[in-house]
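Participant: In terms of our numbering, the sequence shown is residues 94 to 151.
Here a beta-carbon is modelled for each residue, glycine too, at the ideal position from N, C-alpha and C.
Predicted model, so just to flag it, every value in this text is computed and none were measured.
Could you have a look at this structure, given as C-alpha coordinates, before my questions?
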Amino acid sequence: MKSKILSILVLSFSISGTNAIAEDLKVQITRSIASVDVMHKGKKVTIKRNQNNKNEVI
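Next comes the structure, spelled out in C-alpha coordinates:
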(Lines of atoms letter the chains of each structure in order from A; the text may use other names.)
(Lines give C-alpha, C1' and ligand atoms only; values in the text may rest on other atoms or scores of the structure.)
Protein backbone atom coordinates (compact mmCIF):
# COMPACT_ATOMS: atom_id res chain seq x y z
CA MET A 94 0.00 0.00 0.00
CA LYS A 95 2.83 2.42 0.86
CA SER A 96 4.55 1.83 -2.48
CA LYS A 97 1.28 2.48 -4.32
CA ILE A 98 0.85 5.82 -2.53
CA LEU A 99 4.49 6.70 -3.21
CA SER A 100 4.04 5.89 -6.91
CA ILE A 101 0.97 8.13 -7.11
CA LEU A 102 2.83 10.99 -5.41
CA VAL A 103 5.83 10.66 -7.72
CA LEU A 104 3.58 10.63 -10.79
CA SER A 105 1.68 13.68 -9.51
CA PHE A 106 4.88 15.65 -9.01
CA SER A 107 6.16 14.55 -12.43
CA ILE A 108 3.01 15.77 -14.14
CA SER A 109 2.94 19.08 -12.28
CA GLY A 110 6.59 19.70 -13.13
CA THR A 111 5.92 19.03 -16.78
CA ASN A 112 3.18 21.66 -16.90
CA ALA A 113 5.62 24.32 -15.73
CA ILE A 114 7.85 23.71 -18.76
CA ALA A 115 5.48 24.07 -21.70
CA GLU A 116 6.76 22.64 -24.95
CA ASP A 117 5.59 24.06 -28.25
CA LEU A 118 4.16 20.84 -29.69
CA LYS A 119 1.30 20.73 -32.21
CA VAL A 120 -0.14 17.53 -30.74
CA GLN A 121 -0.27 17.31 -26.96
CA ILE A 122 -1.52 14.76 -24.43
CA THR A 123 -4.10 17.31 -23.23
CA ARG A 124 -4.47 21.05 -23.83
CA SER A 125 -2.32 21.82 -20.80
CA ILE A 126 0.07 18.83 -20.84
CA ALA A 127 2.53 18.51 -23.73
CA SER A 128 4.56 15.64 -22.26
CA VAL A 129 5.16 13.71 -19.04
CA ASP A 130 8.53 12.68 -17.60
CA VAL A 131 8.52 9.38 -15.68
CA MET A 132 11.16 7.09 -14.22
CA HIS A 133 11.43 3.65 -15.86
CA LYS A 134 14.02 1.17 -14.59
CA GLY A 135 15.96 4.03 -13.02
CA LYS A 136 16.05 6.20 -16.14
CA LYS A 137 14.04 9.31 -16.98
CA VAL A 138 11.70 8.74 -19.95
CA THR A 139 9.61 11.42 -21.66
CA ILE A 140 6.15 10.39 -22.85
CA LYS A 141 4.62 12.52 -25.60
CA ARG A 142 2.28 12.03 -28.53
CA ASN A 143 3.36 11.36 -32.10
CA GLN A 144 3.35 14.73 -33.89
CA ASN A 145 2.04 13.28 -37.17
CA ASN A 146 -1.71 14.09 -37.23
CA LYS A 147 -2.29 11.49 -39.96
CA ASN A 148 -0.60 8.69 -38.01
CA GLU A 149 -2.82 5.65 -37.37
CA VAL A 150 -2.26 2.93 -34.80
CA ILE A 151 -3.35 -0.36 -36.31
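Does the distance from the C-beta atom of M125 to that of K141 stay below 7 Å?
Facilitator: In the sequence shown, counting from the first residue as 1, residue 125 sits at position 32. In the sequence shown, counting from the first residue as 1, residue 141 sits at position 48. The amino acid at residue 125 is misidentified as Met; the sequence shows Ser. Not a contact, by the Cβ cut-off of 7 Å.
Participant: Pick helix, strand or coil for I126, following the three-state DSSP scheme.
Facilitator: Within the sequence shown, numbered from 1, the residue matching residue 126 stands at position 33. Note: I126 maps to coil in three-state DSSP.
Participant: What are the start and end residues of the beta strand (DSSP E) that includes V138?
Facilitator: In the sequence shown, residue 138 corresponds to position 45, counting from 1. Counting along the chain, the beta strand (DSSP E) containing V138 begins and ends at K136 to K141.
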